Amino acid sequence: MRISILASVLALPLLGASLGAQNVIETFTYPNGTNVPGWTERQGGDFEIRNGQLYLPSGSWSYITYDALKNIKDCVQDIEAIYTAGAGVRFAGVTARHDGSATENGLVMLKVQDNTSAGNWNRAFNYERPGGSAFTDLVPPSTRCVARLFVKGNDTWYDIDLDMDGYFEHRSPVRVIAATTTKPDGSVGANAFANAALDNWMYYSGLLFPKTVASQPKIGQQFDMTFSAPLHVIGSATVPTAWIGFLSFKAGRLPLPDGRGIPFDLASAMALWSGVLTTTNPEAALSLPIPNDPTLVGVRFWTNAFTLGMPGQLLGIGHISNEHGAEISR
Numbered sequence: 011m012r013i014s015i016l017a018s019v020l021a022l023p024l025l026g027a028s029l030g031a032q033n034v035i036e037t038f039t040y041p042n043g044t045n046v047p048g049w050t051e052r053q054g055g056d057f058e059i060r061n062g063q064l065y066l067p068s069g070s071w072s073y074i075t076y077d078a079l080k081n082i083k084d085c086v087q088d089i090e091a092i093y094t095a096g097a098g099v100r101f102a103g104v105t106a107r108h109d110g111s112a113t114e115n116g117l118v119m120l121k122v123q124d125n126t127s128a129g130n131w132n133r134a135f136n137y138e139r140p141g142g143s144a145f146t147d148l149v150p151p152s153t154r155c156v157a158r159l160f161v162k163g164n165d166t167w168y169d170i171d172l173d174m175d176g177y178f179e180h181r182s183p184v185r186v187i188a189a190t191t192t193k194p195d196g197s198v199g200a201n202a203f204a205n206a207a208l209d210n211w212m213y214y215s216g217l218l219f220p221k222t223v224a225s226q227p228k229i230g231q232q233f234d235m236t237f238s239a240p241l242h243v244i245g246s247a248t249v250p251t252a253w254i255g256f257l258s259f260k261a262g263r264l265p266l267p268d269g270r271g272i273p274f275d276l277a278s279a280m281a282l283w284s285g286v287l288t289t290t291n292p293e294a295a296l297s298l299p300i301p302n303d304p305t306l307v308g309v310r311f312w313t314n315a316f317t318l319g320m321p322g323q324l325l326g327i328g329h330i331s332n333e334h335g336a337e338i339s340r
């Protein structure tokens, strides 16, 4: 099935956007100054808008959260981290499960950091604050990258797109959230320290990831992925929720009229998977058999999924997942 299914989805009646299902794209296109509309500073220095980017000029460890999203448990967040002029220890990233206070009171965060004052992002950290952390070195280092944080239940991990080409080549293993103080849900947003610039924050209420996190597809084997999203609620009842999954051969984004976007390349997208999420089966499996053909080695593809039939949501499109890019190997 190719785009005909998507065309049918987009032909659904306009039902009006709601905040029940979120795919937020924040480009920070506001006037320069210390007012960041729709966001609240939580700790540390004063964020500001500078030339269409979110900027932190101070040396304080700082958080800012998105006002419209609270009590978020599982999600994916992206942010573009931009290294500004000069060199020195600094970081930029995203935050989940923030309790909205002025202290670090049980949150999860991802940051890319100049750990050696080398003038680039050369290390990524996944923290609980307070609590433990893990890091990986970014090879090669980057001065402009996209940092992606996954938080799901008691697990967290991250991907980094080091060269801004839409493919996240740096991937961390899963880290178990262990601190008893870490919140089960909370607000989402950004973090920064010392002359860091950020842009293009994205939030996904659906999660798409390899069944074995950080794994890659191999010729002659089946590549298994998982789609996880909240079930739709009608009135006070949680209902079975239809979903559809796509594969494309380029990174891309299909803008929706309500400001959201489906992260795939429309020209190459194919609808390969569909099903229904239920309370007994709240996650879906997306399996892709890879032929045992050496000419496929090095081929990249992207997958994504979203739920259908959400009342009150534009086009009935509900929870949208992040895209997942993969490269076929031997």
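Counted the way the working numbering counts, the sequence shown spans residues 11 to 340.
Just so it is clear, CB atoms sit at the ideal spot from N, CA and C, and this is done for glycine as well.
All values derive from a computational prediction rather than experimental measurement.
With residue i as the anchor, note down where its beta strand (DSSP E) starts and where it stops.
i      : result
LYS228 : Element bounds for LYS228: n/a, residue is neither H nor E.
VAL198 : 197-203
LEU172 : Run containing LEU172: none; DSSP gives neither H nor E here.
THR317 : 310-318
ILE338 : Counting along the chain, ILE338 falls outside any beta strand (DSSP E), and DSSP gives it neither H nor E.
HIS108 : 100-108
PRO321 : Here PRO321 belongs to no beta strand (DSSP E), and DSSP marks it neither H nor E.
ARG50  : According to the sequence shown, residue 50 is Thr rather than Arg. 49-53 is the span of the beta strand (DSSP E), which, as asked, contains THR50.
VAL307 : Element bounds for VAL307: n/a, residue is neither H nor E.
LEU72  : Contrary to the premise, residue 72 reads as Ser rather than Leu in this sequence. Segment 72-76, the beta strand (DSSP E) holding SER72.
LYS83  : Looking at the DSSP string, LYS83 is not in any beta strand (DSSP E), and its letter there is neither H nor E.
Between the Cα of residue i and the Cα atoms of the options, which residue gives the shortest distance?
i      : options                           : result
GLN123 : SER143, GLU114, PHE135 and ILE327 : PHE135
THR44  : GLN32, ARG60, ILE35 and LYS193    : ARG60
PHE233 : ASN125, HIS334 and CYS85          : HIS334
ASP109 : VAL99, THR50, GLY98 and TYR177    : THR50
ASP195 : GLY129, ALA189, HIS180 and GLY163 : GLY163
PHE256 : ASN81, CYS155 and LEU264          : LEU264
ALA239 : GLN63, TYR214 and TYR73           : TYR214
ILE272 : PHE237, THR248 and ASN332         : ASN332
PRO250 : THR305, SER225, PHE178 and LEU318 : LEU318
SER152 : TYR137, SER127 and ALA144         : SER127
ILE229 : THR166, ASN302, ARG158 and THR290 : ASN302
ASP173 : LEU159, GLU90 and PHE219          : GLU90
GLU293 : ALA97, THR191, MET235 and ALA102  : MET235
GLN32  : ALA336, MET320 and ILE244         : MET320
PHE145 : SER111, ILE35, GLY245 and PRO183  : PRO183
ARG340 : PHE316, LEU324 and VAL307         : VAL307
GLY326 : VAL243, PRO304 and LEU276         : VAL243
SER278 : LEU298, ILE82 and ARG310          : ARG310
PRO304 : ILE338, LEU298 and GLY48          : ILE338
GLN87  : ARG107, PRO41 and ALA97           : ARG107
THR290 : GLY269, ALA261 and THR248         : THR248
ASN130 : SER111, ARG154, ALA112 and THR37  : ARG154
SER197 : ASP84, PHE178 and ASP175          : ASP84
ALA281 : ASN205, PHE316 and ARG270         : PHE316
ASN132 : GLY142, GLY116, SER143 and VAL149 : VAL149
GLY69  : PHE219, PRO220, ASN201 and LEU218 : ASN201
Is the separation between the beta-carbon of residue i and that of residue j shorter than 7 angstroms?
i      : j      : result
GLY285 : TRP312 : no
TYR65  : GLY199 : no
LEU241 : LEU296 : no
PHE203 : ARG100 : yes
ASN314 : PHE274 : yes
HIS180 : ILE170 : yes
VAL223 : VAL161 : no
ILE300 : GLN231 : yes
PRO140 : THR191 : yes
GLY216 : ALA157 : no
GLY57  : ILE35  : Sequence check: residue 57 is Phe here, not Gly. No, the pair does not count as a contact, with Cβ atoms beyond the cut-off.
GLY98  : SER72  : no
THR94  : GLY62  : no
LEU120 : TYR168 : yes
ALA189 : GLU114 : no
GLY3   : LYS193 : Residue coverage of the chain in this structure runs from 11 to 340, which leaves residue 3 outside it and unanswerable.
Answer yes or no: does any C-beta atom of chain D fall closer than 7 angstroms to that of residue i?
i      : result
ALA157 : Although the question refers to chain D, the structure presented lacks it and comprises just one protein chain.
Tell me residue i's beta-bridge partners as DSSP assigns them.
i      : result
LEU209 : According to the sequence displayed, residue 209 carries Asp and not Leu. Answer is GLU90.
LYS121 : GLY103 and PHE135
ASN33  : TYR214
GLU58  : TYR65
PHE219 : THR236
SER111 : Its beta-bridge partners do not exist; DSSP assigns none.
VAL46  : None, per the DSSP bridge assignment.
ILE330 : PHE316
Just list the beta strand (DSSP E) runs in the region 224-300, keeping only unbroken ones of 3 residues or longer that don't cross its boundaries, in chain order. 232-238, 251-258, 280-287 and 293-299
Which complete beta strand (DSSP E) runs does the region 127-184 hold, if anything under 3 residues is left out? 131-139, 143-152, 154-162 and 165-171
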